[in-house]
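Taken in order, these protein sequences are the chains called Z and D.
When the count follows the numbering used here, it moves up by one through the first sequence with no breaks and lands on 185 for the last residue.
When the count follows the numbering used here, it moves up by one through the second sequence with no breaks and lands on 185 for the last residue.
There are 2 protein chains.
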Amino acid sequence: MDAGPTTPPRRRDAAATRAALLNAARTLMSQRGVEGTSTRDVAAEAGVNQALVYRYFGSKEKLFAEAAATGADSPDDLITNTPLADLPRVLLDRILLAAEAAEAAELSTLVTATNDEHVRAIMRERIETAFSTLLAARLDGPDAELRAELVGAILVGIGFLRHKIGTRAMSTADRETLGVYVDRMVAPLLG
Amino acid sequence: MDAGPTTPPRRRDAAATRAALLNAARTLMSQRGVEGTSTRDVAAEAGVNQALVYRYFGSKEKLFAEAAATGADSPDDLITNTPLADLPRVLLDRILLAAEAAEAAELSTLVTATNDEHVRAIMRERIETAFSTLLAARLDGPDAELRAELVGAILVGIGFLRHKIGTRAMSTADRETLGVYVDRMVAPLLG
DNA sequence: CGGTAAAGTCATCATTTGACTACTTCTTTA
DNA sequence: TAAAGAAGTAGTCAAATGATGACTTTACCG
């Protein structure tokens, strides 16, 4: 467990504290929303003093903005590089795994906590980059941008029903079955 | 303007006040979420004294629960009676009109304000009734329930991107164009 | 009328919350 | 090892919020 010269074993670690706050913010924000989460909640979840939110982020809003902006690694690479035919499954897998992953910072989850103007703007930008821009660029034919956003809409809707609302069939469906139907729905858009 | 015997022209009207509070609650809740809306906000929007929230509903939570439960007229009739082939368009129209309608109590809008456990449960029940039960009953073949919920997922996703996030193409797309693609996506599920 | 109950108002309480500051403790380094 | 600065703590303030109860106004009925 030698930390090496680049990572001295500090008991007080600003970077680690910052990261803990960001993780806690993402977790709670995706569960309860921005307004429903206090800085004290976040600090408690991170196991850290509440005042440190202000030391490291300046304000609650900036904390949540950074949490939203740096959450999941963006799907941009996937969308750019995955063969179109495989894309529905690959993106679906991301959505399905989002909840199981402790971070819970996936678009589909985070997006549901978005009653805050600033967080909403960040989400819009991420979605537009991934779908309206990158995916649309790979589509031929008319209405490429709209068709790309419809692919996003399906994924958001599935994530929403499965992780947030928890409807019967959607919550229990396995990856394979869901994949078959998502393929069929998305195919006419990519075609 | 004779109010008649059944509707005495009272300057003080409990029923009207109650209704005004419910409407205001729906409007603000769908915009800012439950936690982001105070009882004072609701009372002000309704043009009514804040204490009346407690006279008529007992608590903020009960006000929002009733607002969520009694909001939009449910799409159950549409889902039961519309020819399957027309259903995508008909449901899409409901989603598109939701934002323009002042009430803004449509599932697609309300659903996005749902970080409250109770409201979420109500939403789940409404969605399951409409899709997992009523629509599923009209579908042949395997996975009827899941396929029905996928129809719901598309609509929720579209409503979300259009009304809440406001992505470029989705916000500006006209009913006709959108209808074409929604038809193509939903067809494999209904078939 | 005049009394009564419903409808509505007002002031206020106890908490919570975002934010800030003064202070203590640890870690590094000269 | 001692100085200095970074990391962390504790306490507190002002505003906002859910909730309540005492009070006033209005409408109706005998």
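Don't be surprised by glycine CBs; every beta carbon is placed ideally from N, CA and C.
Owing to the predicted nature of the structure, the values given are computational and were not obtained by experimental measurement.
Exposed unless 16 or more other CB atoms sit within 10 angstroms - verdict on Z:D(-4)
On the first sequence, position 2 is the one that residue -4 of chain Z refers to. Residue placement at Z:D(-4) cannot be trusted, given a pLDDT of 37 that sits under 50; the coordinates are not used to answer.
Inter-residue spacing [alpha-carbon to alpha-carbon] between Z:L28 and D:A40
In the first sequence, the residue the question calls residue 28 of chain Z occupies position 34. In the second sequence, the residue the question calls residue 40 of chain D occupies position 46. Looking at the sequence shown, residue 28 of chain Z is not Leu but Val. In a straight line, the C-alpha of Z:V28 is about 25 Å away from that of D:A40.
Rounded to the nearest angstrom, what separates D:R49 and D:M117 at their Cα positions?
Here residue 49 of chain D corresponds to residue number 55 of the second sequence, with the count starting at 1. Here residue 117 of chain D corresponds to residue number 123 of the second sequence, with the count starting at 1. Approximately 26 Å between the Cα atoms of the pair.
Nearest-angstrom Cα distance between D:P2 and D:L104?
The count along the second sequence starts at 1 and reaches residue 2 of chain D at position 8. The count along the second sequence starts at 1 and reaches residue 104 of chain D at position 110. Any reading at D:P2 must be qualified, since the residue scores a pLDDT of 47, below 50, and its modelled position is unreliable; no value is offered.
Would Z:R169 and Z:D87 qualify as a contact pair, given that the criterion is a beta-carbon distance under 8 Å?
Taking the first sequence and counting its residues from 1, the one referred to as residue 169 of chain Z is at position 175. Taking the first sequence and counting its residues from 1, the one referred to as residue 87 of chain Z is at position 93. Yes, the Cβ-Cβ distance between Z:R169 and Z:D87 is below 8 Å.
Give every residue of the same chain whose Cβ lies closer than 8 Å to the Cβ of D:P69, excluding the five residues on either side of it in the sequence, and list them in chain order.
Taking the first residue of the second sequence as position 1, residue 69 of chain D is located at position 75. For D:P69, where only same-chain residues beyond five positions count, the Cβ hits under 8 Å are L85, R88, L101 and A124.
Beta-carbon proximity list for D:L149, same chain, < 6 Å, skipping 5 on both sides:
In the second sequence, residue 149 of chain D corresponds to position 155, counting from 1. Around D:L149: L85 and I89.
Do you know offhand how far D:I121's Cα is from D:V113's?
Looking up residue 121 of chain D in the second sequence gives position 127. Looking up residue 113 of chain D in the second sequence gives position 119. Whole-angstrom Cα-Cα distance: 12 Å.
Count the other CB atoms, across all protein chains shown, that sit within 10 Å of the CB of D:A142; report buried if there are 16 or more and exposed otherwise.
Along the second sequence, one-based indexing puts residue 142 of chain D at 148. Counting Cβ neighbours within 10 Å, D:A142 comes out buried, since at least 16 surround it.
DSSP on Z:N75, reduced to helix/strand/coil?
For this step, residue 75 of chain Z is matched to residue 81 along the first sequence. Helix.
Could you check whether Z:Y175 and D:L133 sit closer than 8 Å to each other, using their CB atoms as the reference points?
Position 139 of the second sequence, counted from the first residue, corresponds to residue 133 of chain D. Position 181 of the first sequence, counted from the first residue, corresponds to residue 175 of chain Z. No. Outside cutoff.
Out of Z:L172, Z:M23 and Z:A8, which has the shortest C-alpha to C-alpha gap to Z:V42?
Translated into positions along the first sequence, residue 42 of chain Z becomes position 48. Of the candidates Z:L172, Z:M23 and Z:A8, the one whose C-alpha sits nearest the C-alpha of Z:V42 is Z:A8.
Helix, strand or coil for D:E170? Go by DSSP, reduced to three states.
As a position in the second sequence, residue 170 of chain D is number 176, starting the count at 1. Residue state, collapsed to three classes: helix.
Just by C-beta distance, which residues in the region 135 to 163 of chain D are closer than 8 Å to chain Z?
D137, E139, L140, R141, A142, E143, L144, G146, A147, I148, L149, V150, G151, I152, F154, L155, K158, I159, G160, T161, R162 and A163
Rounded straight-line distance, which links the Cα of D:A130 to that of D:A92:
Translated into the one-based positions of the second sequence, residue 92 of chain D becomes position 98. Translated into the one-based positions of the second sequence, residue 130 of chain D becomes position 136. When the Cα atoms are used, D:A92 and D:A130 turn out to be separated by approximately 24 Å.
Check the Cβ of Z:E122 against every Cβ in chain D and list those closer than 7 Å, keeping chain order.
Within the first sequence, the letter at position 128 stands for residue 122 of chain Z. Chain-ordered, the chain D residues with CB closer than 7 Å to the CB of Z:E122 read T161 and R162.
For Z:M(-5), decide whether its Cβ has a neighbour in chain D, counting only Cβ atoms nearer than 8 Å.
Stepping through the first sequence from its first residue, residue -5 of chain Z is reached at position 1. Its pLDDT being 38, under 50, Z:M(-5) is placed unreliably by the model, and nothing is read from it.
If contacts are defined as beta-carbon pairs under 8 Å, then Z:T33 and Z:Q44 qualify, I think. What distance do you get, rounded to the angstrom?
Numbered from its first residue, the first sequence carries residue 33 of chain Z at position 39. Numbered from its first residue, the first sequence carries residue 44 of chain Z at position 50. Indeed, because the Cβ distance is near 6 Å, the residues count as touching under 8 Å.
Contacting residues, own chain, Cβ-Cβ under 8 Å from Z:N109 (five flanking each side not counted)
Position 115 of the first sequence, counting from 1, holds the residue named residue 109 of chain Z. G27, V28 and E29, listed in sequence order.
Could you tell me which of Z:L15, Z:G65 and Z:G185 sits nearest to Z:G135, measuring between CA atoms?
Along the first sequence, read from residue 1 onward, the residue named residue 135 of chain Z stands at position 141. Looking at the Cα atoms, Z:G185 is the closest of the given residues.
Determine the burial state of D:R20: buried for a count of at least 16 other Cβ atoms within 10 Å of its Cβ, exposed for fewer.
The residue labelled residue 20 of chain D in the question sits at position 26 within the second sequence. It counts as buried.
What does the Cβ neighbour count give for Z:A37, buried or exposed, with the cut at 16 atoms within 10 Å?
Against the first sequence, residue 37 of chain Z aligns to sequence position 43. Counting Cβ neighbours within 10 Å, Z:A37 comes out buried, since at least 16 surround it.
From D:A79, D:L128 and D:T106, residue whose alpha carbon lies closest to that of D:I73
In the second sequence, counting from the first residue as 1, residue 73 of chain D sits at position 79. Looking at the Cα atoms, D:L128 is the closest of the given residues.
Please state the DSSP three-state secondary structure of Z:A62.
Within the first sequence, residue 62 of chain Z is the residue found at index 68, counting from 1. It is helical.
For Z:G146, which three-state DSSP category applies?
Start at 1 with the first residue of the first sequence, and residue 146 of chain Z comes out as number 152. Looking at Z:G146 - three-state DSSP - the assignment turns out to be helix.
Applying a beta-carbon distance threshold of less than 9 Å, which residues of chain D neighbour Z:Y175?
For the purposes of this step, residue 175 of chain Z is identified with residue 181 of the first sequence, where counting begins at 1. Chain D residues near Z:Y175: D137, L140, R141, L144, P182 and L183.
Name, going along the chain, the residues of the region 9 to 41 of chain D whose beta-carbon falls closer than 7 Å to a beta-carbon of chain Z.
R26, G27, E29 and G30
For Z:A83, collect the residues of the same chain with a Cβ closer than 6 Å to its Cβ; drop the 5 residues on either side in sequence, then sort them by chain order.
Residue 83 of chain Z sits at position 89 when you count from the first residue of the first sequence. Sequence check: residue 83 of chain Z is Arg here, not Ala. Counting only Cβ-Cβ distances below 6 Å, and skipping sequence neighbours, we find G173.
Any beta-carbon of chain Z closer than 8 Å to the one on D:R118?
Working through the second sequence from its first residue, we reach residue 118 of chain D at position 124. Cβ-Cβ to chain Z under 8 Å: yes for D:R118.
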